[in-house]
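A.B. asks:
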Amino acid sequence: MEAAASCTAMNRLNFPSTSLPHRLSHHLHPPSSFPPPWKQVNPKVAIFLTFRHNTRTSTLLSIATHCSPKPNTNANSSSNSEQDQNPPGNEPNPSTEFQSLTDKCRSFSPPSSSSPSSSSQIVSCSRGLVLDLGPESSWDSAEVGSPVVKRFLSDDEERWYMWYHGSSGGELDGLDSIGLAVSSNGAHWEREVRSPEHAGLVMRCSKDWWAFDTAGIRPCEVVVMSSSKVRAAGAVYWMYYTGYSSEKVNYLENSLDFDLENPERVCGRSDNGNIFQSLPGLAISQDGRHWARIEGEHHSGALFDVGVENEWDSLFVSSPTVVFHSNGDLRMYYHSFDKEMGELCIGIARSRDGIKWVKLGKILGGRRGCFDECGAVNAHVVRDRKDGKYFMVYEGVDSNGERSIGFAVSNDGLKEWRRPGEEPVLRPSEGEGWWDNRRVGSPYLVQLEGKESEWRLYYRGVGNEGRTGIGMAVSEGSDIGCFRRWTCFHI
Numbered sequence: 001m002e003a004a005a006s007c008t009a010m011n012r013l014n015f016p017s018t019s020l021p022h023r024l025s026h027h028l029h030p031p032s033s034f035p036p037p038w039k040q041v042n043p044k045v046a047i048f049l050t051f052r053h054n055t056r057t058s059t060l061l062s063i064a065t066h067c068s069p070k071p072n073t074n075a076n077s078s079s080n081s082e083q084d085q086n087p088p089g090n091e092p093n094p095s096t097e098f099q100s101l102t103d104k105c106r107s108f109s110p111p112s113s114s115s116p117s118s119s120s121q122i123v124s125c126s127r128g129l130v131l132d133l134g135p136e137s138s139w140d141s142a143e144v145g146s147p148v149v150k151r152f153l154s155d156d157e158e159r160w161y162m163w164y165h166g167s168s169g170g171e172l173d174g175l176d177s178i179g180l181a182v183s184s185n186g187a188h189w190e191r192e193v194r195s196p197e198h199a200g201l202v203m204r205c206s207k208d209w210w211a212f213d214t215a216g217i218r219p220c221e222v223v224v225m226s227s228s229k230v231r232a233a234g235a236v237y238w239m240y241y242t243g244y245s246s247e248k249v250n251y252l253e254n255s256l257d258f259d260l261e262n263p264e265r266v267c268g269r270s271d272n273g274n275i276f277q278s279l280p281g282l283a284i285s286q287d288g289r290h291w292a293r294i295e296g297e298h299h300s301g302a303l304f305d306v307g308v309e310n311e312w313d314s315l316f317v318s319s320p321t322v323v324f325h326s327n328g329d330l331r332m333y334y335h336s337f338d339k340e341m342g343e344l345c346i347g348i349a350r351s352r353d354g355i356k357w358v359k360l361g362k363i364l365g366g367r368r369g370c371f372d373e374c375g376a377v378n379a380h381v382v383r384d385r386k387d388g389k390y391f392m393v394y395e396g397v398d399s400n401g402e403r404s405i406g407f408a409v410s411n412d413g414l415k416e417w418r419r420p421g422e423e424p425v426l427r428p429s430e431g432e433g434w435w436d437n438r439r440v441g442s443p444y445l446v447q448l449e450g451k452e453s454e455w456r457l458y459y460r461g462v463g464n465e466g467r468t469g470i471g472m473a474v475s476e477g478s479d480i481g482c483f484r485r486w487t488c489f490h491i
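Here UniProt numbering is used: position 308 in the sequence shown is 308, and no number is missing along the way.
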């Protein structure tokens, strides 16, 4: 009760505009080790604060995403975590408890077979799957996607974090929320269990009527910062995310052969085929689990607004992913629908402090006759540590609305982007029964430290009847344009 009362009182505080964490005023550096472990907190209390950014502050942030060497991905390794064994009616143990992906793979249902090879078929049909839907009553039981993956190292341990969106599919409590899963190798993921229905949940939609993110939130990028004046355990996470409102966008002149929708729904929701207003948002955290929204200059709290009537991004702004180029130079890549051209496009904006942004226009659209003829969405951009080039993976949309994953490269990360080939780097699996045989998208690219030519590609896959999951593919050698699905561990 005291914790709940403290949370309520804290939410009512009128924070001054200069109340951003003091450490943000220092010159910032990437953390030298991993963030703190799961904290022993009351599992029934989630703290969400709102700070208003002081636009007069012009702190230049030295931000760096932090990915590291290739871990052991032994297909036979298993987790030592245990599930909650408390009997009904007892208080759950506040210490960390996890829900293993092993149980999720057991619940996956490939085509039935009575032959001795049925177990190998399960492994084959779930090839690449690393995070499945949550249990039936959980917040992420209907849909998961938008993976954002980071890896942290210490002298004796490594830890991977994956933020993702999920929903239960219900009309009232089925709004997209953000969850967190953790791993020791980037392949076997576990959700923190605070309660059975909220396992992994770390951030919900805003409840402020005026906010831009009252109807759904999806993570797009997390950048990690720490000051030289504080220990690495005091690192600050900045999450850029898409916030959706219940306001529909009127667009009646759809020249596409499929329904344009924002956000894309695949789990049978009643709002399929609608275009909802969306804008980019920012939240900060000291542990990756408890988040405080940072209000931007837009009246709704978003970082910036859609374009004016005749601009290419006048309908919505979605999937903001951010790359640190140098001190005082951050780039944001996002997508929208260009009404005049009739295609989905990716644009760019720049910032000095990560909060106030200036748009620079479109950088990537569709190509006639290719897998991305109708455009590109959900881009993720990284800077290659080997030669400094910028690599972009994106979700290409063909003339029928089908989705595959494409690749583009740029020397400076601005407007000169080229696509090496006409084929995607990852297509949906072929054949009935595969977990990702309908579409693949929402890619997230991770470069393995110390092995500059090795990459991991995390993505959302869609299978039969719209069932979703998060998968992983790997690229070894210098050919980043070719990925193969990781082989799921045996059950």
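In this text, a Cβ means the ideal position worked out from N, Cα and C, and glycines have one as well.
Any idea what DSSP makes of His335, helix, strand or coil?
C.D. replies: Reduced to three states, the DSSP call for His335 is strand.
A.B. asks: Contact between the segment 133-148 and the segment 461-472: three or more CB pairs below 8 Å?
C.D. replies: In short, these stretches touch, since the Cβ pair count reaches three.
A.B. asks: Could you name the residues of the same chain whose beta carbon sits closer than 6 Å to that of Ala142, not counting the 5 residues immediately before and after it, in chain order?
C.D. replies: Around Ala142: Ser167, Ser168, Gly169 and Cys267.
A.B. asks: Locate the beta strand (DSSP E) running through Pro280, then write down its first and last residues.
C.D. replies: Per DSSP, Pro280 belongs to the beta strand (DSSP E) from Phe276 to Ser285.
A.B. asks: Just to confirm before moving on: does the CB-CB distance between Phe276 and Gly401 stay below 7 Å?
C.D. replies: Going by C-beta atoms, Phe276 is not nearer than 7 Å to Gly401.
A.B. asks: Could you tell me the boundaries of the beta strand (DSSP E) in which Val306 lies?
C.D. replies: No beta strand (DSSP E) holds Val306; DSSP gives it neither H nor E.
A.B. asks: Under 6 Å: does the beta carbon of Glu297 sit that close to some heavy atom of the ligand HEM?
C.D. replies: No copy of the ligand HEM occurs in the structure displayed, which carries no ligand at all.
A.B. asks: Going by beta-carbon coordinates alone, are Trp291 and His198 separated by less than 7 Å?
C.D. replies: No, the Cβ-Cβ distance between Trp291 and His198 is not below 7 Å.
A.B. asks: Which stretch, first to last residue, makes up the beta strand (DSSP E) that contains Asn378?
C.D. replies: Note, Asn378: beta strand (DSSP E), Gly375 to Arg383.
A.B. asks: Would Tyr444 and Gly288 qualify as a contact pair, given that the criterion is a beta-carbon distance under 7 Å?
C.D. replies: Cβ distance not < 7 Å, so Tyr444 and Gly288 don't count as in contact.
A.B. asks: Can you tell me whether Arg484 is buried or exposed, with buried defined as 16 or more other CB within 10 angstroms of its CB?
C.D. replies: It counts as exposed.
A.B. asks: At which residues does the beta strand (DSSP E) containing Tyr390 begin and terminate?
C.D. replies: Run containing Tyr390: Tyr390 to Val397, per the beta strand (DSSP E) assignment.
A.B. asks: From Leu282, Glu340, Ile284 and Leu260, pick the residue whose C-alpha is nearest to that of Asn274; which is it?
C.D. replies: Answer by Cα proximity: Leu260.
A.B. asks: Out of Arg439, Gly365, His299 and Leu303, which one is the CA nearest neighbour of Trp210?
C.D. replies: Here the closest residue by C-alpha is His299.
A.B. asks: Report buried or exposed for Pro420, applying the criterion of at least 16 other Cβ atoms within 10 angstroms of its Cβ.
C.D. replies: Flag for Pro420 reads exposed.
A.B. asks: Grouping DSSP H, G and I as helix and E and B as strand, with all else coil, what is Glu432?
C.D. replies: Looking at Glu432 - three-state DSSP - the assignment turns out to be coil, as it is neither helix nor strand.
A.B. asks: Considering Cα atoms alone, identify which of Ser126, Arg151, Gly200 and Glu432 is closest to Val223.
C.D. replies: When only C-alpha atoms are compared, the closest one is Arg151.
A.B. asks: Cβ atoms of Tyr333 and Ala283: under 7 Å apart, would you say?
C.D. replies: No, these two residues do not count as a Cβ contact at 7 Å.
A.B. asks: Looking at the structure shown, is Glu465 part of a helix, part of a strand, or coil, going by DSSP?
C.D. replies: It is helical.
A.B. asks: Per DSSP, Trp238 forms a beta bridge with which residues?
C.D. replies: Note: Trp238 sits in a beta bridge opposite Val223 and Ile284.
A.B. asks: Starting from Pro320, trace the beta strand (DSSP E) both ways and give me its first and last residue.
C.D. replies: Where Pro320 is concerned, the enclosing beta strand (DSSP E) stretches over Ser318 to Ser326.
A.B. asks: Beta-carbon within less than 6 Å of Asp305's beta-carbon, same chain only, minus the 5 sequence neighbours each way: which residues are those?
C.D. replies: Excluding sequence neighbours, Asp305 sits near His298.
A.B. asks: Give every residue of the same chain whose Cβ lies closer than 8 Å to the Cβ of Gly406, excluding the five residues on either side of it in the sequence, and list them in chain order.
C.D. replies: Here the set comprises Phe371, Asp372, Ala376, Val393, Tyr394, Glu395, Gly396, Arg419, Pro424 and Val425.
A.B. asks: Let's see if you can read the secondary structure: which residues bound the beta strand (DSSP E) around Ser404?
C.D. replies: Per DSSP, Ser404 belongs to the beta strand (DSSP E) from Arg403 to Ser410.
A.B. asks: From this set, Glu432, Asp353 and Gly361, which residue's C-alpha is nearest Gly347's C-alpha?
C.D. replies: Residue Gly361 is the option with its Cα nearest to Gly347.
A.B. asks: Where Asn185 and Glu158 are concerned, what is the direct C-alpha to C-alpha distance, given to the nearest angstrom?
C.D. replies: When rounded, the distance between both Cα atoms is 7 Å.
A.B. asks: Report yes if the C-beta distance between Leu457 and Ala473 is below 7 Å; otherwise report no.
C.D. replies: Cβ atoms of Leu457 and Ala473: closer than 7 Å.
A.B. asks: Report all residues from its chain with a CB closer than 6 Å to the CB of Pro408; omit the five preceding and five following residues, and keep chain order.
C.D. replies: Looking at the sequence provided, one finds Ala at residue 408 rather than Pro. Met392, Trp417 and Arg419.
A.B. asks: Taking only three categories from DSSP, how would you classify Glu197?
C.D. replies: Helix.
A.B. asks: Given a cut-off of 7 Å on the beta-carbon distance, is the pair Gly200 and Ala181 in contact?
C.D. replies: It is a contact, given that the beta carbons lie within the stated cut-off.
A.B. asks: By Cβ distance below 8 Å, which residues in the same chain neighbour Glu247 in space, the five residues on each side in sequence not counted?
C.D. replies: Phe276 and Gln277, listed in sequence order.
A.B. asks: Are the C-beta of Ser146 and some C-beta of chain D separated by less than 7 Å?
C.D. replies: Although the question refers to chain D, the structure presented lacks it and comprises just one protein chain.
A.B. asks: For His165, list the residues DSSP reports as bridge partners.
C.D. replies: Paired residue(s): Gly145 and Ile178.
A.B. asks: Suppose contacts are defined by Cβ-Cβ distances below 7 Å. Is Thr321 in contact with Glu422 by that definition?
C.D. replies: Cβ distance not < 7 Å, so Thr321 and Glu422 don't count as in contact.
A.B. asks: If you count every other CB in all the chains shown that lies within 10 Å of the CB of Gly369, and 16 or more means buried, which is it?
C.D. replies: Flag for Gly369 reads exposed.
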